[in-house]
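One structure below.
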Amino acid sequence: MAKTRRVTYRDLERVLATVGFAPLPTSGRHKVFRHEATDTVVLLPLVQADGELDDIHLAAVRRMVDERGVIEGDAFDSLLWEAKHDGDISPP
Numbered sequence: 094m095a096k097t098r099r100v101t102y103r104d105l106e107r108v109l110a111t112v113g114f115a116p117l118p119t120s121g122r123h124k125v126f127r128h129e130a131t132d133t134v135v136l137l138p139l140v141q142a143d144g145e146l147d148d149i150h151l152a153a154v155r156r157m158v159d160e161r162g163v164i165e166g167d168a169f170d171s172l173l174w175e176a177k178h179d180g181d182i183s184p185p
């Protein structure tokens, strides 16, 4: 039985870009993304893009984008699923 591929930081970054987040320049140990319309900021650790996404980071980002009105949690999950399985993401 094949192992299911975990979600990567690259998958999450693509979803963030799809819903309107833009990367901000930084010199620290984090990647910073900002959603201008809602003034929402997401910080992710500076890791390999193909590294598996930690569950705590996924949960924190999902909760933040839902609570801040960027995208509903279920729609976020759908975009992440698309990114994980085929890489082609359609905006909600």
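Counting along the sequence shown from 1, when you hit position 34 you're at 127 in the numbering used here, and nothing is skipped either side. Where is the CB? At the ideal position from N, CA and C, for every residue including glycine. Remember, it's a predicted structure, so these values are computed and weren't measured experimentally.
Report the partner residues of LYS124 according to the DSSP bridge assignment.
Along the sequence shown, read from residue 1 onward, the residue named residue 124 stands at position 31. LYS124 pairs with LEU137.
Residues sharing a beta bridge with PRO116, DSSP:
Along the sequence shown, read from residue 1 onward, the residue named residue 116 stands at position 23. DSSP lists PHE126 as partners of PRO116.
Selection from GLY166, LEU146, MET157, THR133 that minimises the alpha carbon distance to ASP104:
Taking the sequence shown and counting its residues from 1, the one referred to as residue 104 is at position 11. Cα-wise, what sits closest to ASP104 is LEU146.
Cutoff 8 Å; reference VAL140; Cβ partners in own chain excluding five residues on either side
Looking up residue 140 in the sequence shown gives position 47. Hits under 8 Å: TYR102.
Once the 5 residues before and after PHE126 are set aside, which same chain residues still bring their CB inside 6 Å of it?
Working through the sequence shown from its first residue, we reach residue 126 at position 33. Closer than 6 Å at the Cβ level, and outside the excluded window around PHE126, lie LEU109, PHE114, PRO116, VAL135.
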